[in-house]
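What follows is one structure encoded as structure tokens, with my remarks underneath.
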Amino acid sequence: MCKSQSATKASQPNSRHRSKTSSASTAPSSSGAAASSSSSSRARRQPPASISSGSSLSSKPYTSSSSSSALSLASLRSSLPEAPALYSFPELCAATNNFLAKRLPGASSSAWRCTLRGRDAVVIQRPLRRRLGSGHPDAALRARLAALGRSHHSSLARLLGASLADDHVYLVYEFVPGASLADCLHNPRNPRFTPLATWASRVQVAADVAHGLEYIHQHSSAAAGVHNRVKSSAVIVTEPDFRAKICHFGAADLAGEVPDPAAEDAEITPVLSPSSTRKGSSERQRKIEGTTGYMAPEVLAQGAVSRRSDVFAFGVTLLEMISGEEPLKYRYDKERKAFDVFSLIETAREAIGVASEGDEEEERWGRVRRWVDRRLRDSFPVEAAEKLIRVALRCVETEAAARPDMTWVAGKISKAYLVSKVWAEKVRIPTDFSVSTAPR
Numbered sequence: 001m002c003k004s005q006s007a008t009k010a011s012q013p014n015s016r017h018r019s020k021t022s023s024a025s026t027a028p029s030s031s032g033a034a035a036s037s038s039s040s041s042r043a044r045r046q047p048p049a050s051i052s053s054g055s056s057l058s059s060k061p062y063t064s065s066s067s068s069s070a071l072s073l074a075s076l077r078s079s080l081p082e083a084p085a086l087y088s089f090p091e092l093c094a095a096t097n098n099f100l101a102k103r104l105p106g107a108s109s110s111a112w113r114c115t116l117r118g119r120d121a122v123v124i125q126r127p128l129r130r131r132l133g134s135g136h137p138d139a140a141l142r143a144r145l146a147a148l149g150r151s152h153h154s155s156l157a158r159l160l161g162a163s164l165a166d167d168h169v170y171l172v173y174e175f176v177p178g179a180s181l182a183d184c185l186h187n188p189r190n191p192r193f194t195p196l197a198t199w200a201s202r203v204q205v206a207a208d209v210a211h212g213l214e215y216i217h218q219h220s221s222a223a224a225g226v227h228n229r230v231k232s233s234a235v236i237v238t239e240p241d242f243r244a245k246i247c248h249f250g251a252a253d254l255a256g257e258v259p260d261p262a263a264e265d266a267e268i269t270p271v272l273s274p275s276s277t278r279k280g281s282s283e284r285q286r287k288i289e290g291t292t293g294y295m296a297p298e299v300l301a302q303g304a305v306s307r308r309s310d311v312f313a314f315g316v317t318l319l320e321m322i323s324g325e326e327p328l329k330y331r332y333d334k335e336r337k338a339f340d341v342f343s344l345i346e347t348a349r350e351a352i353g354v355a356s357e358g359d360e361e362e363e364r365w366g367r368v369r370r371w372v373d374r375r376l377r378d379s380f381p382v383e384a385a386e387k388l389i390r391v392a393l394r395c396v397e398t399e400a401a402a403r404p405d406m407t408w409v410a411g412k413i414s415k416a417y418l419v420s421k422v423w424a425e426k427v428r429i430p431t432d433f434s435v436s437t438a439p440r
């Protein structure tokens, strides 16, 4: 009797354990109606994250998702660029050692590299051509900086801030490591060397500059949407991928060089400088700023700056990238005792002008090969090079209305880049093979 009772008691826990296990594993099929309803109600009451009893997430199932979303928002907020700051002039003086620090080589304007608020930056000085607004100068500058701070593009050097002092504006940009496009193409110490020694690298730089300028014209928050200083020395080429960045974005706007036009393609009136008055006359002369060779005819004649003048300057820069030559070359003629000027635009027109449309293909392509930079060693798709030269010649038309907009230009260069990339893959030397000289 005692043995049977003890045996019965000893067998009860095992039976309960087996019944729980069997009900948990076979509840949908073999359990009764009450057992299935109770197990399904327990399953509905369980939180979604309690998959295993040993998991620490089962007690707080929604904490991880909320914390991860908060972390993602915080990381996204930290990755966003900060708005341009309004620097004080003493702060810039302290960073540049009262502007006695060594200036950046090759800069057309006064530029200093320094460390400002823990960042590697470049300070550029520009003369202030006109007032930025009717109110306080700092308030107007802050409003302009807030507008420019909404513009971001991978092909534009980032504007960090600005400062006003007397009749100058000081612009602070991020320092972009690399070399200017002018230094890459024209090295006075070694004219036969260029880091842009492949056709694909040059088309890549041209595409970056075209898309950056198209963004300034069509999508940026600049008042006039004009760069006004497009040239090879205003483009930085970075390594190792040879990507390009346009410098001095917003400088023309903050320096008062380009007022806000009334219409999209309205010409921007030049700034009259009282100091440029002719001696003995009350007539004031227009003070035109720019680099010879990149300035459109209407800028030279009237000082009218517009998006079309930017397109002209880009066309000259594109011809410079293809040929490796400077926009203007001067040679001294001993017999006439005068300098002869050779224009890059004219030589390009002679190579593939309108008159050569009906020429034989081999003859036309032969002129293209002789005109393209010889440092490329004749390794480039001639047809793509010819199309790019024709695009550049469209950009440098004498009449401003005949020039295309940068959207059309950027599309043509992007297509040429894709064609050049396919060509480079075809002529690439294969590296995925091995040669063995061992005896068989």
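The letter at position 15 of the sequence shown is residue 15 when you use UniProt numbering, and the numbering goes up by one with no holes.
Just so it is clear, CB atoms sit at the ideal spot from N, CA and C, and this is done for glycine as well.
A quick note: this is a predicted structure, and the numbers were derived from the prediction, not measured.
- Listed in chain order, the non-local C-beta contacts of A101 below 7 Å within the same chain comprise W112, C114, local neighbours out to five positions each way being set aside.
- In this chain, the beta strand (DSSP E) harbouring K245 covers 243-246.
- The stretch 152-211 is shown to contain whole alpha helix (DSSP H) runs of 4 or more residues at 181-185, in chain order.
- Comparing alpha-carbon positions, the option among G250, L300, N97 lying closest to A146 turns out to be G250.
- Between L388 and V205, the C-beta gap is not smaller than 9 Å, which leaves the two residues out of contact.
- DSSP, reduced to helix, strand and coil, places P297 within a helical segment of the structure shown.
- Setting aside the 5 residues that flank it on each side, S180 is surrounded in the same chain by G106, S232, S233, A234, V235, I236, V237, each with a C-beta closer than 8 Å to its C-beta; the list follows chain order.
- For S343, the pairing in a beta bridge is given by DSSP as L328.
- G161 sits buried, since 16 or more C-beta atoms from the chains shown fall within 10 Å of its C-beta.
- Sequence-distant Cβ neighbours of A95 in its own chain, meaning closer than 6 Å and more than five residues away, are C114, L116.
- Note that the C-beta distance between F312 and C247 is not below 9 Å.
- Exclusion of the five residues before and after F89 leaves S163, A165 as the residues of its chain whose Cβ lies within less than 7 Å of its Cβ.
- The C-beta of H152 has fewer than 16 other C-beta atoms within 10 Å across all chains shown, which makes the residue exposed.
- Bridge partners of I124 according to DSSP: A111, L171.
- Cβ atoms of L254 and V169 come within 8 Å of each other, at about 5 Å.
- Following the DSSP letters along the chain, one finds T317 inside the alpha helix (DSSP H) bounded by residues 307-323.
- In the structure shown, V230 adopts coil according to DSSP, grouped into three states.
- Taken through DSSP and simplified to helix, strand or coil, I236 comes out as strand.
- The three-state reading of DSSP puts A338 in strand, counting E and B together.
- Using a Cβ distance threshold of 9 Å, V122 and E82 do not count as a contacting pair.
- Taking a contact to require three or more Cβ pairs closer than 8 Å, the stretch 357-374 and the stretch 213-225 do not qualify as touching.
- For the 9 Å CB-CB criterion, A244 and Y417 do not form a contact.
- By the Cβ-count criterion, D138 is exposed, with fewer than 16 other Cβ atoms from all chains shown falling within 10 Å of its own Cβ.
- Relative to the Cα of L128, the nearest Cα in the group S414, G118, E257 belongs to E257.
- For L328, the closest C-alpha among the options Y294, S155, V299 is that of Y294.
- Judged by beta-carbon spacing, A252 lies beyond the 9 Å limit of H217, meaning their Cβ atoms are not closer than that value.
- DSSP places D333 within a strand segment (E or B) once states are collapsed to three.
- With contacts defined as CB atoms closer than 9 Å, L213 and F314 qualify as a contacting pair.
- Judged by beta-carbon spacing, T317 lies beyond the 9 Å limit of V427, meaning their Cβ atoms are not closer than that value.
- With a beta-carbon spacing of about 17 Å, R370 and R192 fall beyond the 8 Å limit used to define contacts.
- Bounds of the alpha helix (DSSP H) holding A143 are 137-148.
- By the neighbour-count definition (other C-beta atoms within 10 Å, threshold 16), G118 is an exposed residue.
- Between the alpha carbons of E397 and W408 lies a distance of about 15 Å.
- A85 carries a strand assignment under DSSP once its states are collapsed to helix, strand and coil.
- Nearest C-alpha to S110 among R126, R349, A304, V172: R126.
- One alpha carbon belongs to L393, the other to T292, and they sit about 18 Å apart.
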